[in-house]
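**Q** Here our numbering is used: the sequence shown runs in plain steps of one and ends on residue 563.
This is the structure I have questions about; it appears just below.
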Amino acid sequence: MPRREAPPVVVSTTAQAQMSDERYVGALLTWIYEQGVRKVYWRVQHGGFALYPSKVAEPLHRPEPEPGSPKDRAAYGFLTDLFSLYTFGTFDSLKAACKWARVLGMEIHAWWTLVEEAHAVPPVARFALEHPEYQEVNLRGERLRSRLCFFHEGVRRYKLRVLAEILARGFDGVMLDFWRRGLHEHGRLVDERNVSILGFDPLILKAFESRHGFRPDAEANADPRWIRYRADYITELVRRLAKQVHARRKPVAALVHPAHNLEAGLLDVERWGREGLVDNLIPWFRGGYFDGIGPGMAAKGAVARDARAFRKLKTGKAAFCPGLAAYGKWEPAQMLADGMLEAAQAGAKEIVVFEHPVLRQNNAGGIVAGFQNGHPHPLRAVKAGPVARAPGLRGGFWRGAAWREGFQRHSKTPGLGLSGFKTAFRVAWDRRAVYVAWRAERMAPGHELAFVVDPWNERIYYMAFLVTGAGAFRFGVSRDDPAWRPRWQVASAWLGRTFQALMTIPWKAMGLKPPRKAFECGANFTRSVPGEGVSGWFAPGPVGALPPATFGRLRFER
């Protein structure tokens, strides 16, 4: 895909990322900036708790234990340790973030989780506990203490006051998060027909009955009139919030579901778009929301499929800006890369990656960097075919086709593109070894060519086989394994002004066996020139690192 077609990547932060230190905020935003990202959604609340000294909402603080199950007490033990780091009653992470964004020249938008008053586990924000009459009610008549019902005017006024505080911090826009669910203890939020079981407050039932002449129950839960009635009072809140944001000439985004927004989420995204209430719609392609915390993002191809369905909705001028998860536990780097490519091909205006700090843990920062550098799918592929006999430094192998060129700049210094250092490589194999052949112009003794491989596709570890312009060769490995001493060979020679090198790497040296059928592993091919920088044939990763998340696919074919 040409670079001009690659949509920009936007990154979100978590509450844990903000801490209580302006220096940490600056370091985090600087790291995001260095990945090529120029827009960030900054978390402004955590489960109804403010991440700043709010006069309206309760600032996030160390929770006090409350009576409950052992599971609740275990959750409190974890939160007590975590939240003891925070001092949001005095530290304004929002102001600090906006300040640093201005210094770096980044856009910064507020990410507001306005639906939940507790995030996954207790505690519950004070406003929700003090006003049980405002709490959401499900089909069984149970009050959900971590969700407020937007039918009530008192809730709407409360949310509008919180929004006013957020806007006063100087954000460039606001994202309304309708994806978050509140406490896990609420269980399923839909019935067996995938229709929301929320909105059964007695006041709502009475108001609906006076208009339509019947009171909805389990049987009538899927009645289109009942679904629309509940969606309408949520839309009214969105209408009033959008008016407040648009009055400042700032955009509104909404984080929603990739499917079933109206019936399962009571979110009328089509109306929001047609009325111009939201400027960007961000469907988060992550499964399991309505039934609880799911296994993560769907398999390869699911984003493309669901994106096509979402784009068929009549959402007016609202831009399609899909969101992808980057949780290391559930979403490996490969899945993030595939999802980004599918989202780009579906016509995304921009791609939102949730949640940023995990990018480092998951080695996925390089994927974002590669995408931002104009490589929508950093896991580029190259094929290695079998050869009948081992190649040498002369012969038909070197005159054959399929030499790979087009190395990409990998340097922190602007303007260093390694122009004039033409480099190409080929890969082949036989039953004994893998052969990596190099041709490099203007090669000097201090220059270095490297074949870096992730043989087991772990996206964590790598092995590096390197040769210098002086003909010296060495190896490296990212894991602490002093016993790894591969036996391999390098032959090199000059052909006119072109340096030629042939690496012979036995399968055993990589812990692999000759393929009985085609298979792939991760790999990268790089050239470093002292004083000029480093180039890689696959999308390069962060400077000074070789994260396997940025490697491409090396396919061994029979």
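Don't be surprised by glycine CBs; every beta carbon is placed ideally from N, CA and C.
Residue ranges of each beta strand (DSSP E) run of no fewer than 3 residues wholly in the region 493–524, ordered along the chain?
**A** Listed in chain order, the beta strand (DSSP E) elements of length 3 or more contained wholly in the region 493–524 are 494–500, 503–511.
**Q** With H, G and I counted as helix, E and B as strand and the rest as coil, what does DSSP make of Asp237?
**A** Against the sequence shown, residue 237 aligns to sequence position 232. Helix.
**Q** If you check the beta carbons only, do Thr18 and His361 fall under 7 angstroms apart?
**A** In the sequence shown, residue 18 corresponds to position 13, counting from 1. In the sequence shown, residue 361 corresponds to position 356, counting from 1. A contact, by the Cβ cut-off of 7 angstroms.
**Q** List the residues that DSSP assigns as beta-bridge partners of Asn285.
**A** The sequence position of residue 285 within the sequence shown is 280, counting from 1. Ala258, Ala324, per the DSSP bridge assignment.
**Q** Are the region 496–513 and the region 523–541 touching, with three or more C-beta to C-beta distances below 8 angstroms?
**A** Contact between the region 496–513 and the region 523–541 is absent: fewer than three C-beta pairs spanning the two stretches fall below 8 angstroms.
**Q** So, helix, strand or coil for His191, using DSSP?
**A** Taking the sequence shown and counting its residues from 1, one reaches residue 191 at position 186. It is helical.
**Q** Alpha carbon to alpha carbon, what distance is there between Ala523 and Val358?
**A** Position 353 of the sequence shown, counted from the first residue, corresponds to residue 358. Position 518 of the sequence shown, counted from the first residue, corresponds to residue 523. Approximately 32 angstroms between the Cα atoms of the pair.
**Q** Straight-line CA distance for Phe480 to Ala438?
**A** Numbered from 1 along the sequence shown, position 475 holds the residue referred to as residue 480. Numbered from 1 along the sequence shown, position 433 holds the residue referred to as residue 438. When rounded, the distance between both Cα atoms is 16 angstroms.
**Q** Would you call the CB atoms of Phe426 and Arg447 closer than 7 angstroms?
**A** Residue numbering aside, residue 426 sits at position 421 when the sequence shown is read from its first letter. Residue numbering aside, residue 447 sits at position 442 when the sequence shown is read from its first letter. A contact, by the Cβ cut-off of 7 angstroms.
**Q** Consult DSSP for Gly420 and reduce its assignment to one of helix, strand or coil.
**A** As a first step, residue 420 is located in the sequence shown; it is residue number 415 there, counting from the start. Note that Gly420 scores 46 on pLDDT, short of 50, meaning its location in the model is unreliable and no value can be drawn from it.
**Q** Output needed for Pro419: all residues of its chain with C-beta closer than 6 angstroms, excluding positions within five of it in sequence on either side, in chain order.
**A** Residue numbering aside, residue 419 sits at position 414 when the sequence shown is read from its first letter. Legend: pLDDT at Pro419 = 47, less than 50; position of this residue unreliable, value from coordinates given subsequently. So the list is empty, once near-sequence residues are dropped.
**Q** What number of angstroms, rounded off, separates the C-alpha of Glu214 from the C-alpha of Tyr57?
**A** Residue 214 sits at position 209 when you count from the first residue of the sequence shown. Residue 57 sits at position 52 when you count from the first residue of the sequence shown. About 42 angstroms.
**Q** So, Glu141 versus Val61, is the Cβ gap smaller than 7 angstroms?
**A** The residue you call residue 141 lines up with position 136 of the sequence shown. The residue you call residue 61 lines up with position 56 of the sequence shown. No.
**Q** Going by alpha carbons, who is nearest to Lys44 out of Arg276, Arg145, Asp206, Val14?
**A** In the sequence shown, counting from the first residue as 1, residue 44 sits at position 39. Of Arg276, Arg145, Asp206, Val14, the smallest CA-CA separation from Lys44 is found for Val14.
**Q** Does DSSP classify Cys154 as helix, strand or coil?
**A** What you label residue 154 is simply residue 149 of the sequence shown in a count that begins at 1. For Cys154, the secondary structure class from DSSP, reduced to helix, strand or coil, is coil.
**Q** I need the boundaries of the beta strand (DSSP E) containing Tyr46, first residue and last residue.
**A** Start at 1 with the first residue of the sequence shown, and residue 46 comes out as number 41. Looking at the DSSP string, the run of the beta strand (DSSP E) that includes Tyr46 is 44–48.
**Q** Considering only their Cβ atoms, is the gap separating Lys164 from Leu203 smaller than 7 angstroms?
**A** Position 198 of the sequence shown holds residue 203. Position 159 of the sequence shown holds residue 164. For Leu203 and Lys164, no; Cβs fall outside 7 angstroms.
**Q** Of all the options Pro68, Gly390, Phe290, Tyr440, which has the alpha carbon lying nearest to the alpha carbon of Arg131?
**A** Position 126 of the sequence shown, counting from 1, holds the residue named residue 131. Comparing Cα-Cα distances from Arg131 to each of Pro68, Gly390, Phe290, Tyr440, the minimum goes to Pro68.
**Q** Rounded to whole angstroms, what's the CA-CA distance from Met340 to Ala264? Just pull it up for me.
**A** In the sequence shown, counting from the first residue as 1, residue 340 sits at position 335. In the sequence shown, counting from the first residue as 1, residue 264 sits at position 259. Going from the Cα of Met340 to the Cα of Ala264 covers about 20 angstroms.
**Q** What do you get for Arg254, buried or exposed, if any count of 16 or more other CB atoms within 10 angstroms of its CB means buried?
**A** Counted from its first residue, the sequence shown places residue 254 at position 249. Flag for Arg254 reads exposed.
**Q** State the DSSP-derived secondary structure class of Met448, mapped to helix, strand or coil.
**A** The count along the sequence shown starts at 1 and reaches residue 448 at position 443. Three-state DSSP puts Met448 in coil, outside helix and strand.
**Q** Taking the continuous alpha helix (DSSP H) assigned at Thr428, which residues delimit it?
**A** Along the sequence shown, one-based indexing puts residue 428 at 423. Note, Thr428: premise wrong, no alpha helix (DSSP H); beta strand (DSSP E) at 428–434.
**Q** Please name the residue or residues paired with Arg148 in a DSSP beta bridge.
**A** Taking the first residue of the sequence shown as 1, we reach residue 148 at position 143. Its beta-bridge partners are Val142.
**Q** Among Ala469, Val482, Ala102, Arg385, whose alpha-carbon lies nearest the alpha-carbon of Phe543?
**A** Position 538 of the sequence shown, counted from the start, is the residue given in the question as residue 543. When each option's Cα is compared against that of Phe543, the closest is Arg385.
**Q** For the beta strand (DSSP E) containing Ile356, list its first residue and its last residue.
**A** Taking the first residue of the sequence shown as position 1, residue 356 is located at position 351. That run of the beta strand (DSSP E) goes 356–359.
**Q** Check the C-beta distance from Phe290 over to Leu329 and give it rounded, since I have them as a contact under 8 angstroms.
**A** For the purposes of this step, residue 290 is identified with residue 285 of the sequence shown, where counting begins at 1. For the purposes of this step, residue 329 is identified with residue 324 of the sequence shown, where counting begins at 1. Confirmed, about 6 angstroms.
**Q** Gly278 and Gly321 look like a contact to me (Cβ under 8 angstroms); what is the Cβ gap, rounded to whole Å?
**A** Counted from its first residue, the sequence shown places residue 278 at position 273. Counted from its first residue, the sequence shown places residue 321 at position 316. The C-beta separation of Gly278 from Gly321 comes to about 4 angstroms, placing the pair in contact by the 8 angstroms criterion.
**Q** Ala469: which of Gly178, Met508, Glu190, Gly306 sits nearest, CA to CA?
**A** Start at 1 with the first residue of the sequence shown, and residue 469 comes out as number 464. Answer by Cα proximity: Met508.
**Q** Spatial neighbours of Ala407 within its chain, please: CB distance less than 7 angstroms, with the 5 preceding and 5 following residues excluded, ordered by chain position.
**A** For the purposes of this step, residue 407 is taken as residue 402 along the sequence shown, with counting starting at 1. Contacts found: Arg431.
**Q** Do you know how far the Cα of Met180 is from the Cα of Arg245?
**A** The residue given as residue 245 occupies position 240 in the sequence shown. The residue given as residue 180 occupies position 175 in the sequence shown. Those two C-alpha atoms are separated by around 14 angstroms.
**Q** If you run the structure through DSSP and keep just helix, strand and coil, what is Pro391?
**A** Numbered from its first residue, the sequence shown carries residue 391 at position 386. Pro391 falls in the strand class under three-state DSSP.
**Q** For Val373, does the three-state DSSP call read helix, strand or coil?
**A** Position 368 of the sequence shown, counted from the start, is the residue given in the question as residue 373. Helix.
**Q** Report the rounded CA-to-CA distance for Glu525 versus Phe504, giving the unit in angstroms.
**A** If you number the sequence shown from 1, residue 525 lands on position 520. If you number the sequence shown from 1, residue 504 lands on position 499. Approximately 29 angstroms between the Cα atoms of the pair.
**Q** Apart from the five residues just before and just after Asp284, which ones in its own chain have a Cβ nearer than 7 angstroms to its Cβ?
**A** Taking the first residue of the sequence shown as position 1, residue 284 is located at position 279. Correct list, in chain order: Pro256, Val257, Ala258, Ala323, Ala324.
**Q** Using only alpha-carbon positions, find the residue among Glu138, Gly476, Ala236, Arg404 that is nearest to Leu208.
**A** Within the sequence shown, the letter at position 203 stands for residue 208. Cα-wise, what sits closest to Leu208 is Glu138.
**Q** Can you give the Cα-Cα distance for Glu135 and Pro128, rounded to whole angstroms?
**A** To locate residue 135, count along the sequence shown from 1; it is residue 130. To locate residue 128, count along the sequence shown from 1; it is residue 123. Rounded to the nearest angstrom, the gap between the Cα atoms of Glu135 and Pro128 is 13 angstroms.
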